[in-house]
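Worksheet for the structure shown next.
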Amino acid sequence: MKLLAVVPLRSGGRIRWTARILGLLLALFVSFMVIGEVMPEPNSRSELKAIGVRIMFLWVAVSMLVAWRWEKLGGWSCAIAGAALGIFYFTIEDYRLLAAFMIGLPAVLVGVAFLAADQGVRIVRRKGKA
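Here numbering that gives the first Met the number 0 is used: the first residue of the sequence shown is 0, the next is one more, and so on.
As structure tokens, this is what we get:
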């Protein structure tokens, strides 16, 4: 946590907008993934997988929206959702590690960027009150 608190005063806005733009791109990607998962195969196991993937993707998208207003809450939620999505995808896709990283890691990185932006805001507030 101490590493995140070293954000310089001037770069707090840049980190925030970088996190927001990356979050928006990730939300668009997640939306396209959810649209692609609309028509599952007819057996019941694949339908349960599709529902689980949709719920995880929805969690990531909602986390992005929350992070626009509350960076700390949304950042933590997005990082946890990305990790959960990666683990879930790893288990349903016959343990393919690369696929799990490609799906979950971007959400974790965007969550960390929102957490870094939140730390930058806190530095500004503390120095402004002193």
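Quick reminder that beta carbons are idealized off the backbone N, C-alpha and C, glycines included.
Leaving out five residues before and five after M55 in sequence, what residues of the same chain have Cβ atoms less than 6 Å from its Cβ? L84 and F87
Taking D117 as the reference, give the member of I34, I91, W75 and G51 with the closest Cα. W75
Measuring straight from C-alpha to C-alpha, what distance separates G103 and A82? 6 Å
Classify M101 as buried or exposed, calling it buried when 16 or more other Cβ atoms lie within 10 Å of its own Cβ. exposed
Tell me which same chain residues have a C-beta within less than 6 Å of the C-beta of S62, skipping the five on either side of it? G73, S76, C77 and A80
Can you tell me whether DSSP reads Y88 as helix, strand or coil? helix
Helix, strand or coil: how does DSSP classify D93 here? coil
Is it the case that the Cβ atoms of V130 and L25 are separated by a distance below 9 Å? With the chain running from 0 to 129 in the structure shown, residue 130 is simply not present.
Minimum C-alpha distance to V198 - residue among V33, T90, W16 and R95: Look at the range of the chain in this structure, 0 to 129, and you will see that residue 198 is not part of it.
Report the residue ranges of all alpha helix (DSSP H) runs contained in full by the region 38-77; include only those spanning at least 4 residues, in chain order. 43-68
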